[in-house]
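**Student:** Starting off with a structure, shown below.
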Amino acid sequence: MSEQKEMRAAYAETLISLVEEGFDIVVLEADLMRATGTGAFAKKYPERAVNVGVAEANLIGVASGLSAGNKIPFAATFACFASRRAYDQFFLSANYAGLNVKLVGTDPGVTAAFNGGTHMPFEDLALMRAIPRLTIAEPSDPVSAAALVRLAASTYGCFYFRLPRKPAPFLYRADESFSIGSAKVLRKGGDVTLVALGAVMVGEALKAADILAGENIQATVIDALWVAPLDEAAILAHAGCGRIVTCENHRVTGGLGSAVAELIAEKAPGVRLARIGVASNLFGEVGTQDWLAEHFHLTAPYIAQAARELCAGRPAADRLSAVQQPDTRPEMTRSAQPQPSGAHGASGA
92 MSEQKEMRAA YAETLISLVE EGFDIVVLEA DLMRATGTGA FAKKYPERAV NVGVAEANLI
152 GVASGLSAGN KIPFAATFAC FASRRAYDQF FLSANYAGLN VKLVGTDPGV TAAFNGGTHM
212 PFEDLALMRA IPRLTIAEPS DPVSAAALVR LAASTYGCFY FRLPRKPAPF LYRADESFSI
272 GSAKVLRKGG DVTLVALGAV MVGEALKAAD ILAGENIQAT VIDALWVAPL DEAAILAHAG
332 CGRIVTCENH RVTGGLGSAV AELIAEKAPG VRLARIGVAS NLFGEVGTQD WLAEHFHLTA
392 PYIAQAAREL CAGRPAADRL SAVQQPDTRP EMTRSAQPQP SGAHGASGA
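Take 92 as the starting number for the sequence shown in the working numbering and just add one per residue.
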């Protein structure tokens with residue numbers, strides 16, 4: 092579908108609908124209501140909106156206290172801060188305590204764009220996967236974003252969502268049903284299986300499948316949606332071709348690729364795997380989302396080439412995503428990179 096909608100709009104609109112339906116939701120922000128799109132929620136329900144300021148650890152502490160008081164807190168901040176900065180608080184105050192905190196990490200991976208390396212989380216999934224019993228998801232379009240928020244509100248326990256805030260094309264009909272831990276098969280083919288996560292990479296995987304189809308290589312495309320619990324049954328059901336390529340807007344270590352590698356090692360050891368993601372030795376950089384995706388080898392041509400390598404019987408795993416891709420930062424001419432018109436620090440817009 093060509094129609095698009097902001098992911099943050101889907102998030103905020105769903106929260107408003109849930110309150111109207113009787114859910115006792117409180118929205119918490121760390122001075123980023125414009126970035127997360129919850130300004131409309133705060134305007135309509137000011138008594139249910141809390142801005143703790145630039146204090147992400149306190150964001151989790153307040154959310155945990157509200158959960159202990161039987162509220163349903165949705166706390167949002169940039170994914171880099173949700174994971175790295177507030178990790179101990181989320182681990183102990185929310186998860187270890189057995190509470191019901193929903194943590195939303197916005198601007199994951201290359202979608203942080205001009206906010207640059209300090210705000211570009213390529214390791215949040217790896218960190219969150221280490222927390223017991225935590226449900227982890229990344230929607231691929233506005234419909235799945237709304238559905239995942241509803242599922243979180245309806246299910247007791249801690250959740251972590253990655254949520255790009257910018258527009259994404261619709262992949263699903265409004266009446267599509269979703270359930271926790273269930274992936275979606277978007278396309279079927281018998282030669283290779285592409286398992287992708289999130290709006291950026293699901294879109295690229297579908298483009299890669301089109302490229303491959305032109306070469307008579309038929310690819311299955313799976314929208315993983317959930318990292319924990321991973322839909323093992325769906326992945327194994329489409330592993331019979333013997334070739335899987337994982338696609339994620341994250342480092343190749345610790346995220347979707349690692350989760351699928353663990354599954355394959357234990358339950359389908361004959362399947363060959365290639366992981367498309369950010370090289371494990373690289374940090375984020377400043378640039379447009381498109382420039383960054385190409386720079387970090389996250390685009391459809393790299394996915395298609397990894398699939399070709401697997402189908403040809405050559406070792407492809409991590410070669411194109413370059414687990415040890417050369418770090419060119421000292422030699423790079425910064426003027427060659429796209430630059431924003433204004434300041435390129437953290438933006439709340």
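Here a beta-carbon is modelled for each residue, glycine too, at the ideal position from N, C-alpha and C. Owing to the predicted nature of the structure, the values given are computational and were not obtained by experimental measurement.
Taking all protein chains shown into account, do 16 or more other C-beta atoms lie within 10 angstroms of the C-beta of LYS358, making it buried, or fewer, making it exposed?
**Tutor:** exposed
**Student:** Just to check my reading of the structure: ARG220 and GLY378 have Cβ atoms closer than 8 Å, yes? What is that Cβ distance to the nearest angstrom?
**Tutor:** Contact doesn't hold; Cβ gap of about 27 Å is too wide.
**Student:** Any idea which residues DSSP pairs THR337 with across the strands?
**Tutor:** VAL286, ARG366
**Student:** For LEU218, which residues from the same chain have a beta carbon less than 8 Å from its beta carbon, with the 5 sequence-adjacent residues on both sides left out?
**Tutor:** SER174, ARG175, TYR178, GLY345
**Student:** What three-state label does DSSP hand GLN180 in the structure shown?
**Tutor:** helix
**Student:** Roughly how many whole angstroms lie between the Cα atoms of LEU327 and GLY272?
**Tutor:** 14 Å
**Student:** Taking contact to mean at least 3 C-beta pairs separated by less than 8 Å, is the stretch 235-248 in contact with the stretch 331-340?
**Tutor:** no
**Student:** Which same chain residues end up closer than 6 Å to ARG420 when comparing Cβ atoms and leaving out the 5 residues on each side of it in sequence?
**Tutor:** Residue confidence for ARG420 is low, a pLDDT of 48 falling below 50, so the modelled location carries little weight; the figure read from the coordinates is stated next. Correct list: empty, nothing qualifies.
**Student:** Does DSSP put ASN372 in a helix, in a strand, or in coil?
**Tutor:** coil
**Student:** What is the DSSP secondary structure of VAL293, reduced to helix, strand or coil?
**Tutor:** helix
**Student:** LEU183: buried (16+ other C-beta within 10 angstroms of its C-beta) or exposed?
**Tutor:** Classification for LEU183: exposed.
**Student:** Check for me: the alpha helix (DSSP H) holding GLN309 runs from which residue to which?
**Tutor:** Careful: GLN309 lies outside any alpha helix (DSSP H) and carries neither H nor E.
**Student:** Taking 8 Å as the threshold, find out whether the stretch 207-214 comes into contact with the stretch 138-146 through three or more Cβ pairs.
**Tutor:** They do not touch, by the three-pair rule.
**Student:** Using C-beta distances below 7 Å, list every residue in its chain close to LYS135, excluding the 5 sequence neighbours before and after it, in chain order.
**Tutor:** ILE107
**Student:** Under the rule that 16 or more other beta-carbon atoms within 10 Å means buried, what is VAL145, buried or exposed?
**Tutor:** exposed
**Student:** Hey, how far is the Cα of ALA121 from the Cα of ALA397?
**Tutor:** 40 Å
**Student:** Quick one: what does DSSP say PHE213 is sitting in, helix, strand or coil?
**Tutor:** coil
**Student:** Would DSSP call GLU120 helix, strand or coil?
**Tutor:** Note: GLU120 maps to strand in three-state DSSP.
**Student:** Go ahead and pull the three-state DSSP assignment for GLU323.
**Tutor:** helix
**Student:** Should the stretch 257-267 be regarded as contacting the stretch 301-313, the criterion being three or more beta carbon pairs within less than 8 Å?
**Tutor:** no
**Student:** Three or more C-beta pairs under 8 Å: does that hold for the stretch 158-175 against the stretch 115-131?
**Tutor:** yes
**Student:** TYR102 to ALA236, Cα distance in whole Å?
**Tutor:** Cα-Cα distance, rounded: 6 Å.
**Student:** What is the rounded straight-line gap between the Cα of VAL110 and the Cα of LYS193?
**Tutor:** So the alpha carbons of these two residues sit roughly 15 Å apart.
**Student:** Cβ of THR197 within 8 Å of Cβ of VAL291?
**Tutor:** Cβ atoms of THR197 and VAL291: not closer than 8 Å.
**Student:** For the putative contact between LEU389 and ASN340, defined by C-beta atoms under 8 Å, what is the C-beta separation to the nearest angstrom?
**Tutor:** 6 Å
**Student:** In the DSSP assignment, the beta strand (DSSP E) including ILE151 goes from what residue to what residue?
**Tutor:** Counting along the chain, ILE151 falls outside any beta strand (DSSP E), though it belongs to the alpha helix (DSSP H) covering 147-159.
**Student:** At what residue ranges does the stretch 93-144 contain a whole run of the beta strand (DSSP E), taking only runs of 3 or more?
**Tutor:** 95-97, 116-120, 140-142
**Student:** Reducing DSSP to helix, strand and coil, say where ILE163 ends up.
**Tutor:** Here ILE163 sits in strand by DSSP.
**Student:** Would you say MET98 and LEU354 are within 8 Å of each other, going by their C-beta atoms?
**Tutor:** No; because the gap between Cβ atoms is not below 8 Å, this pair is not in contact.
**Student:** Helix, strand or coil for PHE252? Go by DSSP, reduced to three states.
**Tutor:** strand
**Student:** Mapping the DSSP letters down to three states, classify VAL377 as helix, strand or coil.
**Tutor:** coil
**Student:** When the Cα atoms are used, what is the spatial distance from ALA365 to ALA133?
**Tutor:** 44 Å
**Student:** Going by DSSP, what residue range makes up the beta strand (DSSP E) through ALA259?
**Tutor:** For ALA259, the enclosing beta strand (DSSP E) has its first and last residue at 258-260.
**Student:** For TYR393, count the other beta carbons within 10 Å of its own beta carbon; 16 or more makes it buried, fewer makes it exposed. Which is it?
**Tutor:** By the Cβ neighbour-count rule, TYR393 is buried, with 16 or more other Cβ atoms within 10 Å of its own.
**Student:** Can you give me the C-alpha to C-alpha distance between LEU190 and VAL153, rounded to a whole angstrom?
**Tutor:** Cα to Cα, LEU190 sits roughly 12 Å from VAL153.
**Student:** Within this structure, are the beta carbons of VAL318 and LEU347 separated by less than 8 Å?
**Tutor:** yes
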